[in-house]
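Trainee: Would you mind keeping the following structure in view while I ask a few things?
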Amino acid sequence: MTNQDTLREVREAITAANRALDSLENAERELKGAKNWGLWDMFGGGAFSGIMKHSRLDKAKRQIEDAKYYLRVLGKELSDINISMNLQVEVGSFLTFADFFFDGIVADWMVQSKINDALNQVVTANARVLEILGNLQRWEEQLLADMGR
């Protein structure tokens, strides 16, 4: 593979990493919002706080699905330049049914625990992608220097 080919692949990986980061950051923001509404819900916030919490969770799930897609793209781009990436972001059920129909401190606590788990996974994935992105950017700079640009 020529330097030009490698540069193209590195740039494709950088694009995928940036898209994954955008989705992860959006998911993190939505999960933090859901966490805040969840705390309100646990301490008597009522139906409105539960609805707001689940609205934020739905938005977070969509962002996480986008992030998972871009992480798969990033993994493919990295494999094109012989770098492996083992990074999973999983978000399971947030116990929506139990939370609405058995509303109480136990159901609210279980949902809050799931939110915290998802938030931790997103933060970890974000940090890992930032690390990968930094390495790719340094590689890009080195390739450009080697090519006299």
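Numbering (the working numbering), first residue to last: 112 to 260. Every residue, glycine too, gets a C-beta built ideally from N, C-alpha and C.
1. Take Glu141 and list the residues in its own chain whose beta-carbon comes closer than 8 Å to its own, dropping the five residues that flank it on each side.
2. Report the CB separation of Lys164 from Ala145 in whole angstroms; it is logged as a contact under 8 Å.
3. Quick one: is Lys187 buried, meaning 16 or more other Cβ sit within 10 Å of its Cβ, or exposed?
4. For Met258 versus Asn114, is the C-beta distance shorter than 7 Å?
5. What is the C-beta distance between Leu132 and Val240, in whole angstroms, given that I count them as a contact (C-beta under 8 Å)?
6. Could you pull the start and end residues of the alpha helix (DSSP H) that Ser166 belongs to?
7. Within 10 angstroms of its Cβ, does Asn237 collect 16 or more other Cβ (buried), or is it exposed?
Mentor: Answer, in terms of the structure:
1. Arg167, Leu168, Lys170, Ala171, Gln174
2. 5 Å
3. exposed
4. yes
5. 5 Å
6. 157–191
7. buried
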